[in-house]
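Take a look at the structure set out below.
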Amino acid sequence: MRRLTLLLSLFISVTFFAQAQQEDPRRYIDSAVHYMDLAQYSQADEYFMTALDKIDVLSADFCFYFGKNSFYLNKFSQSIDWLNKYLELKGSRGQFSKETLEILEKAEEAFRNNRGTTGSADVNAKFFYLNTISCDENELITCPVCKGDDVITKRDRFGEMLYKTCPYSTNGVLTCTEFNLLIQGNLKPKNK
Ligand SMILES: [Zn+2]
Numbered sequence: 443m444r445r446l447t448l449l450l451s452l453f454i455s456v457t458f459f460a461q462a463q464q465e466d467p468r469r470y471i472d473s474a475v476h477y478m479d480l481a482q483y484s485q486a487d488e489y490f491m492t493a494l495d496k497i498d499v500l501s502a503d504f505c506f507y508f509g510k511n512s513f514y515l516n517k518f519s520q521s522i523d524w525l526n527k528y529l530e531l532k533g534s535r536g537q538f539s540k541e542t543l544e545i546l547e548k549a550e551e552a553f554r555n556n557r558g559t560t561g562s563a564d565v566n567a568k569f570f571y572l573n574t575i576s577c578d579e580n581e582l583i584t585c586p587v588c589k590g591d592d593v594i595t596k597r598d599r600f601g602e603m604l605y606k607t608c609p610y611s612t613n614g615v616l617t618c619t620e621f622n623l624l625i626q627g628n629l630k631p632k633n634k
């Protein structure tokens with residue numbers, strides 16, 4: 443009986459661990475950064491895009507990594523947007539602020555030189571991959587933050603479940619404009 447209990451608890455902890463692993467989308471960022479450091483930027487981009495899909499609130503570091511990787515993929519306008527977002531969040535004293543400014547300068551120069559040839563069309567196309575329907579303002583899009591529930595649940599540090607009304611959506615949906623602002627990190631939370 444004791445053996446069974448032990449086995450059972452082992453099974454539960456393994457299952458829990460596997461689930462926790464699966465549910466932690468930050469590992470996609472780790473993988474992305476790993477590939478970026480190996481100069482495998484397309485590979486890194488795939489992991490970044492998966493992270494973008496799965497993470498509700500993006501960190502400043504993500505903005506830096508994604509902006510840097512975009513630069514190496516010659517997506518200069520996208521790079522500029524995300525690097526500026528990093529600076530907006532971290533100012534000049536962030537861990538990556540200096541490198542951000544360096545890449546930003548190169549990205550802006552490259553963007554000026556490439557204007558008209560490699561336009562910014564790919565930027566939005568890439569962002570809108572989450573939104574496969576055409577971006578019609580009358581169409582409502584399920585909010586990716588609350589997955590349409592209009593409620594966000596998370597556990598506090600004592601493991602208690604907390605429920606909060608989604609600060610972004612109205613009844614779990616966003617307009618196209620709101621959606622695009624959200625994925626660019628520019629949608630302001632409402633006071634609910
Ligand atoms: Zn929502």
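If you use our numbering, the sequence shown corresponds to residues 443 to 634, in order.
The C-beta atom is built at its ideal place from N, Cα and C for all residues, glycine as well.
Predicted, not measured: the structure shown is a model, and the values here were computed from it.
| query | According to the neighbour-count rule (16 or more other Cβ atoms, all chains shown, within 10 Å of its Cβ), is L546 buried or exposed? | reply | For this step, residue 546 is matched to residue 104 along the sequence shown. Flag for L546 reads buried.
| task | Compute the distance between the beta-carbons of D486 and N516, then report whether it is under 8 angstroms. | result | As a position in the sequence shown, residue 486 is number 44, starting the count at 1. As a position in the sequence shown, residue 516 is number 74, starting the count at 1. Just to set this straight, residue 486 is Ala in the shown sequence, not Asp. In this structure, N516 does not lie closer than 8 angstroms to A486 by Cβ.
| message | Taking the beta carbon of G509 as the centre, do at least 16 other beta carbons fall within 10 Å, making it buried, or is it exposed? | response | Sequence index remark: in the sequence shown, residue 509 carries index 67 (1-based). By the neighbour-count criterion, in which a residue is buried when 16 or more other Cβ atoms sit within 10 angstroms of its Cβ, G509 is buried.
| Whole-angstrom distance between A502 and R468, CA atom to CA atom | Position 26 of the sequence shown holds residue 468. Position 60 of the sequence shown holds residue 502. Near 13 angstroms, if we compare the C-alpha coordinates of A502 and R468.
| query | Anyone know if the C-beta pair for S539 and K532 falls short of 8 angstroms? | reply | Counting from 1 along the sequence shown, the entry for residue 539 is found at position 97. Counting from 1 along the sequence shown, the entry for residue 532 is found at position 90. Against a cut-off of 8 angstroms, the Cβ pair of K532 and S539 comes out as a contact.
| field | Separation of R554 from K548, as counted between CA atoms | value | Taking the sequence shown and counting its residues from 1, the one referred to as residue 548 is at position 106. Taking the sequence shown and counting its residues from 1, the one referred to as residue 554 is at position 112. Near 10 angstroms, if we compare the C-alpha coordinates of R554 and K548.
| Can you tell me the Cα-Cα spacing of D466 and G590, whole angstroms? | Translated into the one-based positions of the sequence shown, residue 466 becomes position 24. Translated into the one-based positions of the sequence shown, residue 590 becomes position 148. Taking the straight line joining both Cα atoms gives about 20 angstroms.
| Burial state of M478, where buried means 16 or more other Cβ atoms lie within 10 Å | Residue mapping note: residue 478 aligns to position 36 of the sequence shown, counting from 1. Buried.
| 7 angstroms Cβ shell around W524 - same chain, five flanking residues per side excluded | As a first step, residue 524 is located in the sequence shown; it is residue number 82 there, counting from the start. Once the five neighbours on either side are set aside, the close Cβ partners of W524 are C505, F508, G509 and S512.
| message | Do T595 and Y605 have their beta-carbon atoms positioned less than 8 angstroms apart in this structure? | response | As a first step, residue 605 is located in the sequence shown; it is residue number 163 there, counting from the start. As a first step, residue 595 is located in the sequence shown; it is residue number 153 there, counting from the start. Taking 8 angstroms as the Cβ cut-off, Y605 and T595 qualify as a contacting pair.
| field | For I497, three-class secondary structure by DSSP | value | Counting from one through the sequence shown, the residue named residue 497 turns up at place 55. Coil, per DSSP.
| Heavy atoms of ligand 1 versus C-beta positions, residues under 6 angstroms | C585, V587, C588, D592, C608, Y610, S611 and G614
| field | Selection from P609, F600 and T617 that minimises the alpha carbon distance to L582 | value | Sequence index remark: in the sequence shown, residue 582 carries index 140 (1-based). Per the Cα distances, T617.
| message | Taking its Cβ as the centre, do 16 or more other Cβ atoms sit within 10 Å of P586, making it buried, or is it exposed? | response | Here the question's residue 586 lines up with position 144 in the sequence shown. Looking at its Cβ environment, which holds 16 or more other Cβ atoms inside 10 Å, P586 is buried.
| task | Look up T595 in the DSSP assignment and say whether it is helix, strand or coil. | result | Mapped onto the sequence shown, residue 595 falls at position 153. DSSP places T595 in strand when its eight states are reduced to three.
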